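Heads up: the sequence shown at position 191 corresponds to 731 in this note's numbering, and the numbers run straight through without jumps. We put the beta carbon where it would ideally sit given N, CA and C, even for glycine. Quick caveat: nothing in here was measured; it's all calculated off a predicted structure. Please read the structure below before turning to the comments.
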Amino acid sequence: MANDTTTLTITAREPEGSRSTRRLRRSGLVPGILYGGGADPVPFSVDERELRVALHAAGAVIELALDGKSTPAVLKQAQRHPLRGETTHVDFIRVDLSKPIEATVPVEVLGGDEAPGVREGGILDLQLREVTVEALPNSIPESIQLNVAELKIGESVTLADAIGVGDVTILTPLDTVAATILAPRLRAELDAEGNEIEAEVAVVGESEAGEDAAAEESDESDASGEAAGDDE
């Protein structure tokens, strides 16, 4: 479990407009807001490099240090630049370390290379990427682990097979299939079907686009005719 806590120093800022936030980003700072816990929201800025290190550290809880005081919080949302991938804004929510919270954590598969099904040419298909859990803030795991080392072709594991869960409650239904060993031919068929569907969608999209363009031309022609009639 993630019992380590990372400290991140933040600086209070005025809740100004987009021009101000752009200036912050050019200075290597990321704007954010801290809210929840029955207290007023606090807009802040934080060093982009320090934030990046904190978000990649072990543990869900981050101690936000502001004006000599430390507040335990968890990341609620991080907005990222669509092209560069850098963080452009963060939302943190205050937490009570004595009360459980819900969190989304990734699924981690162990023993994939050792699975008999994979050794026989099968393909490990991870069908579940993340799950919702409930636990005390300092007990939120970095991932939910599933051991697939014994799986043969055609066999699966569900969330009920998760290992090392401890005091964590998995809120996602435990009968959810998380990973399966697919036969090579079956995987090829599924991929082919997916490609056919994508091609059909693309053709339909092109057809609809053509119809829309034709309709627009017709509307423009009608509008021009009506305008000419009005002029007469």
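Query	Result
Whether Pro683 touches Val645 by CB criterion (8 Å)	Here the sequence assigns Ser to residue 683, which means Pro is not the residue at that position. Yes, the pair counts as a contact, with Cβ atoms nearer than the cut-off.
Presumed contact (8 Å Cβ cut-off) between Arg634 and Thr627, rounded CB distance	Actually they do not touch by this definition, with Cβ atoms about 20 Å apart.
Rounded straight-line distance, which links the Cα of Arg669 to that of His516	What is shown of the chain runs 541 to 772, which leaves residue 516 out entirely.
Coarse secondary structure for Pro681, derived from DSSP in three states	coil
Cβ pair Ala719, Ile693 closer than 8 Å	no
Reduced DSSP secondary structure (H/G/I, E/B, other) of Ser560	helix
Buried or exposed by the 16-neighbour rule on C-beta atoms within 10 Å, applied to Val630	buried
Proximal residues to Ala600 (C-beta, below 7 Å), its chain only, five neighbours per side dropped	Ala542, Val614, Ala643, Pro677, Ile680
DSSP three-state assignment for Gly783, whether helix, strand or coil	Residue numbering for the chain in the displayed model covers 541 to 772; residue 783 lies beyond these limits and cannot be assessed.
Beta-bridge partners of Thr611, as assigned by DSSP	Leu604
Where the alpha helix (DSSP H) containing Arg589 begins and where it ends	588-596
Gly625 versus Val570 - alpha carbon distance	13 Å
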